[in-house]
Every structure is written in structure tokens, then in C-alpha cells.
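**Student:**
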Amino acid sequence: MLASVVCLLSVIARRLTPLSIMVRERTFIAVKPDGVQRGLIGEIIKRFEAKGFKLAGMKYIQASEDLLKQHYIDLADKPFYPGLCKYMSSGPVVAMCWEGTGVVKTARVMMGETRPADSKPGTIRGDFCIEVGRNIIHGSDSVESANKEIALWFKPEELVSWTQTNESWIYE
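For the sequence shown, the residue numbers in mature numbering (1 follows the signal peptide of the UniProt record, and there is no 0) are -18 to -1, 1 to 154.
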């Protein structure tokens, strides 16, 4: 009974809350140097927009090794860490902040598995990748990681809060 009341109240509150002020989750997505070199930036953005997610920030950047060492600090004890940081600094990266309900989990599904051979067709890696060292995209693996990565790659003033005119067609 209590669960039903709570559910009903959340539905009512959502109906009374303008879409523009509803809090949405954010995630960090980066098109890696191989994705940039292969001309896949537009295809990746297209997939996120078509899904209904909103772009809150984007920059085209030559990431420094220092930035990448901070970004991948949780992998510092892995044997591939130095090569990963060096590779990621070898060419431009497109850093993006995407916003939407459940965006962290959904983005991970859209990207596919880290190992492209394990990725299903229809996912970004399943459609465009062959080797794990050239898997074209990075995405946050949790809300906590997303918050950390967004803060690392973007200044607060580089992120834009805006209302998409089609939000009422995407969210109930």
C-alpha cells in the first residue's frame, strides 16, 4: 500500500514539475583518436541524439598525458596503462557531456562491450570496431565516475543547461 502511494505521488510530482527543471543524469563520453581519425564523430553524436539524449557540453581537444593519467587513474596498476595514456594523447579527442534519464547505463549499452568482438551488432563498438586497443569510444561506467570525469574535462561554465523543445515527446 505504501509503495503504491509513493509511486502515485512521484507520478503526480513529475506531472507538476516542468521538464526544464527536472534533474537528469549526466555522463561523460569521449570519441577516442581512432574514432576521430575514422570520421565517426557525427555518427556517434547522431546515435545519442536519436536516442533522445541532450548534449550539455562538447569540446575538440588534444588531451595532455597529464589529463589522461588523471582520467584513467583507476587503471594505473594495469600493464596497458602507459600505452593507453600515450595512445589517447596521440590525436584529438571529442569530449562530450550528455544528459538524460538513465544516460550512464544506456550509453554503456549503446557503446557495447570494451572488447569489440564481444559487442552486439547495433552497438557502436559492434558496428565499427575490431580490436580492443582501437575501440573508438569511452563512456563513464557509473554516475560517480561520470561526475568525476565531467569535472575533470569541463569547467562548469562550459556546460550548458537548456530545454530541448522535443523533451515532452521523449519523457512522460
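Cβ atoms here follow ideal geometry from the backbone N, Cα and C, with glycine treated the same way. Just so you know, these numbers come straight off a predicted model, no measurement behind them.
What is the rounded straight-line gap between the Cα of M92 and the Cα of R107?
**Tutor:** Within the sequence shown, the letter at position 110 stands for residue 92. Within the sequence shown, the letter at position 125 stands for residue 107. For M92 and R107, the distance between alpha carbons rounds to 9 Å.
**Student:** Can you say whether G82 is buried or exposed, counting buried as having 16 or more other CB atoms within 10 angstroms of its CB?
**Tutor:** Working through the sequence shown from its first residue, we reach residue 82 at position 100. Label assigned to G82: buried.
**Student:** Identify which residue in E31, E47, K137 has its Cα closest to the Cα of I152.
**Tutor:** Working through the sequence shown from its first residue, we reach residue 152 at position 170. Taking only the C-alpha atoms, the option nearest I152 is E31.
**Student:** Let me confirm a value: P138 is counted as buried when at least 16 other C-beta atoms fall within 10 Å, else exposed. Which label applies?
**Tutor:** Within the sequence shown, the letter at position 156 stands for residue 138. Under this definition P138 is an exposed residue.
**Student:** Can you give, in chain order, each stretch of the beta strand (DSSP E) that sits fully within the region 57 to 103 and has at least 3 residues?
**Tutor:** Within the region 57 to 103, the runs of beta strand (DSSP E) at least 3 residues long that lie entirely inside it are, in chain order, 75 to 82.
**Student:** Between which two residues does the beta strand (DSSP E) carrying E7 extend?
**Tutor:** For the purposes of this step, residue 7 is taken as residue 25 along the sequence shown, with counting starting at 1. It spans 7 to 13 - the beta strand (DSSP E) in which E7 sits, taken as one unbroken run.
**Student:** Alpha carbon to alpha carbon, what distance is there between E47 and S143?
**Tutor:** Working through the sequence shown from its first residue, we reach residue 143 at position 161. Working through the sequence shown from its first residue, we reach residue 47 at position 65. Roughly 30 Å separates the two Cα atoms.
**Student:** Going by CA-CA distance only, name the one from E95, D56, E140, G39 that's closest to I119.
**Tutor:** On the sequence shown, residue 119 is found 137 positions in, with the first residue counted as 1. Nearest of E95, D56, E140, G39 to I119, Cα basis: E95.
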